[in-house]
Amino acid sequence: MSNHSTELETRGELDPAPSPERFENPGLPPHRPRLSDTSPEGSKRAERQVAIIFGISILATIAGVWGYFAFPMDAGVGNVRYSTLSIGLGLGIGMLGIGIAAVHWAKALMSDVEVVDQRHPQRGDDATRAAAVADLQAGAKDSGIARRPLLKGALITAVAIAPLSFLVPFVGNLGGSWNVNAMRHTMWRKGTRLATDPDGRLIRPEMVTIGSVWHVIPDGLHEVDDVLAEKAKAIVLLVRLAPEDLKILPGREDWSYDGIVAYSKVCTHVGCPVALYEQQTHHLLCPCHQSTFDVADGAKVVFGPAKRALPQLPIMVDDEGYLAARDDFDEAVGPSTWERQRPIRGEDY
Amino acid sequence: MTALARARRHRLAPVLLMLLALLAVGGVYAVVAPPAAVAETYSADDVAAGQKLFQANCASCHGASAEGRDGVAPSLIGVGAAAVNFQVATGRMPMAAQAPQAPTKTPQFNAEQIKQLAGWVATLGPGPSVPTEDMVDPARGDAANGMLIFRTNCAMCHNAVGAGGALSNGKYAPSLFESTPTEIYEAMLTGPQSMPVFSDANITPEGKRDVIAYLMEQRTAQAGVGGANLGAVGPVSEGLWVWVVGMGALVAAAVWIGAKSS
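In order, the protein sequence lines correspond to chains A and B.
Count the first sequence with the UniProt record's numbering and you get residues 1 to 349, in order.
Count the second sequence with the UniProt record's numbering and you get residues 1 to 262, in order.
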């Protein structure tokens with residue numbers, strides 16, 4: 001080998017040292033005996049340690065069983081906490097103690113001499129392979145599958161229809177209703193009044209002050225059969241904006257009332273309730289993935305993963321002075337799906 | 001370098017790292033306790049003193065007659081005594097600097113001065129007044145109904161039990177764990193900063209008291225019956241705990257099983 005200084009000088013001109021075709025097997029490091037191998041005291045100490053860990057496991061199990069009787073579940077909700085805590089700790093420490101003791105036993109006391117066991121070749125020898133093929137062929141010939149078409153057909157049919165016994169219940173349990181059209185509509189109809197969530201009070205426009213936000217359900221929601229399913233689609237957020245802040249979209253001139261606008265609360269991303277309203281910026285945030293909608297500008301997306309503006313509920317004031325829907329939403333509420341147009345952000349509503 | 005490399009391979013290094021990670025998790029939580037203040041009636045002297053205080057401390061942003069300045073501070077005409085009491089008694093106003101969020105801090109004024117300020121602002125225009133003790137008494141509210149109202153109207157920003165949460169551009173909904181019943185009532189009534197207004201037509205005065213009862217219920221021992229709540233901020237702190245402590249323990253166990261006995 002050249003000395004250090006000449007190596008530095010010549011490095012620029014020489015080719016880098018060629019890497020070897022293959023690396024030599026460095027082999028196993030030299031065997032180092034453990035303390036428990038060399039001294040009887042070391043061995044005794046390891047044995048004691050294993051016994052102590054097993055002992056901790058035994059005590060924990062006993063404590064867990066004691067906890068079950070010491071904290072009866074029916075003596076109040078506070079006891080449930082101590083009951084589950086003591087049973088859990090007893091079970092956990094009991095199991096963990098057995099595991100740790102077993103591993104420590106194996107590491108410290110059992111033989112740690114490295115043993116090399118070469119793997120046998122995976123390919124069988126030619127005579128065995130030929131015998132196996134001959135066995136299979138003899139079996140196929142014996143079954144007579146080629147000259148017994150009835151059995152062949154019966155076998156294939158049985159295998160083919162067997163999965164139906166779990167596929168039919170599986171598909172059938174997806175839902176009792178196959179009316180896909182129900183997804184396209186909510187329970188809002190012409191004249192359905194707006195009511196507060198959760199107590200169902202009707203809303204007059206003069207109650208909705210600028211800067212306030214109302215969480216709205218259709219009046220009569222609690223009388224329908226499937227309250228939660230209908231509520232999940234029909235929830236609406238009602239906001240009043242100062243007239244100079246509100247930008248009314250073409251074609252929606254009569255969808256708002258005196259600065260009061262109503263938008264679906266179901267996020268167009270994956271359907272969380274969009275309800276974090278910042279009254280100073282008019283931005284509506286989704287708590288799940290931070291999609292942000294501008295309520296002053298058609299609830300269009302200004303940030304986040306949502307692709308469509310929130311659907312607007314057209315509203316009016318009915319004969320008795322209550323806020324009511326002018327119609328259902330003109331598009332399906334909720335997450336965008338593959339069958340729906342996804343306008344590019346900012347271009348379309 | 002070599003000392004660091006040796007220290008890194010020390011058998012106690014993973015344990016030390018784990019302890020540091022736990023300390024970092026624990027250090028996240030820090031809160032400031034705002035004091036309470038209640039004021040109901042204002043004498044002519046109060047109003048005059050309040051005007052002086054306003055001119056000296058608030059007028060530079062809100063204008064000499066509280067008319068507000070575009071892009072700097074809103075008009076205070078018609079915000080009422082409740083808004084003044086909420087903003088000043090929690091230390092949010094006067095703000096230390098123009099910033100997206102007005103954080104709570106040690107109030108700059110005492111209860112007497114806050115009463116005087118509120119009295120003057122209340123004369124500018126009709127607005128919500130400071131609620132009475134009776135209106136905010138959690139013992140008279142229905143916590144179960146309060147939970148329904150809170151879940152629909154408040155939980156999305158303030159978290160299901162009132163632990164607070166993030167908004168956009170540096171703004172956030174503060175934790176309600178330290179708020180007094182009066183402050184909670186006033187916040188609903190006046191809609192401070194980014195928060196919308198929840199007028200009495202929207203959430204009735206009884207409903208507001210139910211919400212207060214629900215929030216106070218979260219502070220009792222019974223609310224912690226499920227064990228350590230890790231700040232009650234949901235999957236964030238729980239996930240951090242599992243990733244750092246849970247997976248750290250699994251990695252440590254695997255390393256120990258694979259290591260040779262000495």
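Every residue gets a Cβ at the ideal spot worked out from N, C-alpha and C, and that includes glycine.
>> Based on DSSP bridge pairs, tell me the residues matched to His215(A).
In response: Looking up residue 215(A) in the first sequence gives position 215. Beta-bridge pairing links His215(A) to Leu237(A).
>> Going by DSSP, what residue range makes up the alpha helix (DSSP H) through His283(A)?
In response: Looking up residue 283(A) in the first sequence gives position 283. His283(A) -> not in any alpha helix (DSSP H); beta strand (DSSP E) instead, spanning 283-285.
> So the alpha helix (DSSP H) Lys152(A) belongs to, where does it begin and stop?
Replying inline: Position 152 of the first sequence, counting from 1, holds the residue named residue 152(A). Segment 149-161, the alpha helix (DSSP H) holding Lys152(A).
> If you compare alpha carbons, which of Pro163(A), Ala296(A), Val274(A) is closest to Cys288(A)?
Replying inline: Indexing the first sequence from 1 puts residue 288(A) at position 288. Nearest option by C-alpha distance: Val274(A).
> So, are the CB atoms of Ser194(B) and Glu320(A) less than 8 Å apart?
Replying inline: Reading the second sequence from its first residue, position 194 is the one you call residue 194(B). Reading the first sequence from its first residue, position 320 is the one you call residue 320(A). No, the pair does not count as a contact, with Cβ atoms beyond the cut-off.
> Which two residues bound the contiguous beta strand (DSSP E) that contains Ser86(A)?
Replying inline: In the first sequence, the residue the question calls residue 86(A) occupies position 86. Element bounds for Ser86(A): not the beta strand (DSSP E) but the alpha helix (DSSP H), 77-108.
> Is the stretch 225-233 of chain A touching the stretch 176-192 of chain A in the sense that three or more CB pairs, one from each, lie closer than 8 Å?
Replying inline: yes
>> By DSSP's criteria, Val261(A) is part of a beta bridge. Which residues make up the other side?
In response: Here residue 261(A) refers to the residue found at position 261 of the first sequence. DSSP, once it has assigned bridges, lists Val239(A) as partnering Val261(A).
>> Please classify Asn202(B) as buried or exposed, where buried requires at least 16 neighbouring CB atoms within 10 angstroms.
In response: Here residue 202(B) refers to the residue found at position 202 when the second sequence is read from its first residue. Flag for Asn202(B) reads buried.
>> Am I right that Glu41(A) and Leu109(A) are in contact with their C-beta atoms under 8 Å? What's the rounded C-beta distance?
In response: For the purposes of this step, residue 41(A) is taken as the residue at position 41 of the first sequence. For the purposes of this step, residue 109(A) is taken as the residue at position 109 of the first sequence. Not confirmed; about 14 Å, so no contact.
> Which chain B residues are close to Pro198(A), counting only those with a beta carbon under 9 Å from its beta carbon?
Replying inline: Indexing the first sequence from 1 puts residue 198(A) at position 198. In chain order: Asn145, Leu148, Ile149, Arg151, Thr152.
> Under the rule that 16 or more other beta-carbon atoms within 10 Å means buried, what is Ile100(A), buried or exposed?
Replying inline: The residue labelled residue 100(A) in the question sits at position 100 within the first sequence. Result: buried.
> Taking C-alpha atoms, which residue in Leu19(B), Gly50(B), Pro100(B) lies nearest to Pro111(B)?
Replying inline: Indexing the second sequence from 1 puts residue 111(B) at position 111. The displayed chain sequence assigns Ala, not Pro, to residue 111(B). The option with the nearest alpha carbon to Ala111(B) is Gly50(B).
> Run through DSSP, which three-state label would Tyr277(A) get?
Replying inline: Here residue 277(A) is taken as the residue at index 277 of the first sequence, counted from 1. Tyr277(A) falls in the strand class under three-state DSSP.
>> Strictly under 8 Å for the Cβ-Cβ distance: is Tyr202(B) near chain A by that measure?
In response: Translated into positions along the second sequence, residue 202(B) becomes position 202. The question names Tyr, but residue 202(B) in the sequence shown is Asn. Taking Cβ atoms only, chain A reaches closer than 8 Å to Asn202(B), which makes this a yes.
>> So, under 8 Å CB-CB, Arg45(A) and Ser261(B) are touching, yes? Tell me the CB distance rounded to an integer number of Å.
In response: Translated into positions along the first sequence, residue 45(A) becomes position 45. Translated into positions along the second sequence, residue 261(B) becomes position 261. At roughly 12 Å, the Cβ-Cβ gap does not stay under 8 Å, so Arg45(A) and Ser261(B) are not in contact.
> Listed in chain order, which residues of the stretch 272-298 of chain A have Cβ atoms closer than 8 Å to some Cβ of chain B?
Replying inline: Pro273, Ala275, Leu276, Tyr277, Glu278, Gln279, Gln280, Thr281, His283, Leu285, Pro287, Gln290, Thr292
>> Pro126(B) and Gly170(B) - do their beta-carbons sit closer together than 8 Å?
In response: Reading the second sequence from its first residue, position 170 is the one you call residue 170(B). Reading the second sequence from its first residue, position 126 is the one you call residue 126(B). Not in contact: Gly170(B) and Pro126(B) (Cβ atoms no closer than 8 Å).
> Shortest alpha-carbon distance to Asp210(B) belongs to which of Gly227(B), Asn159(B), Val244(B), Cys154(B)?
Replying inline: By one-based count along the second sequence, residue 210(B) stands at place 210. Minimum Cα distance to Asp210(B) is reached at Cys154(B).
> How would you write the range of the alpha helix (DSSP H) that Leu167(B) sits in, first residue to last?
Replying inline: Position 167 of the second sequence, counted from the start, is the residue given in the question as residue 167(B). That residue, Leu167(B), is in no alpha helix (DSSP H); it is neither H nor E in DSSP.
>> Counting only Cβ pairs nearer than 7 Å, list the residues of chain B close to Lys107(A).
In response: As a first step, residue 107(A) must be located in the first sequence, where it is residue number 107. Within 7 Å Cβ-Cβ: Ser261.
> Looking only at DSSP bridge pairs, what is Gln98(B) linked to?
Replying inline: As a working mapping, residue 98(B) is identified with position 98 in the second sequence. In DSSP, Gln98(B) forms no bridge with anything.
> What whole-angstrom Cβ distance do Leu310(A) and Leu238(A) have, given they're in contact under 8 Å?
Replying inline: Stepping through the first sequence from its first residue, residue 310(A) is reached at position 310. Stepping through the first sequence from its first residue, residue 238(A) is reached at position 238. Not really, about 13 Å apart at Cβ, beyond 8 Å.
> Between Val225(B) and Thr61(A), what straight-line distance do the alpha-carbon atoms span, to the nearest angstrom?
Replying inline: As a working note, residue 225(B) is residue 225 in the second sequence. As a working note, residue 61(A) is residue 61 in the first sequence. Distance between the alpha carbons of Val225(B) and Thr61(A): 24 Å.
> Taking the C-alpha atoms as reference points, what is the distance between Leu28(A) and Glu238(B)?
Replying inline: Working through the first sequence from its first residue, we reach residue 28(A) at position 28. Working through the second sequence from its first residue, we reach residue 238(B) at position 238. Rounded to whole angstroms, Leu28(A) to Glu238(B) spans 44 Å at the Cα level.
> Applying the criterion that 16 or more other CB atoms from any shown protein chain within 10 Å of the CB defines a buried residue, is Glu206(A) buried or exposed?
Replying inline: Locating residue 206(A) in the first sequence gives position 206, where the first residue counts as 1. Glu206(A) should be labelled exposed.
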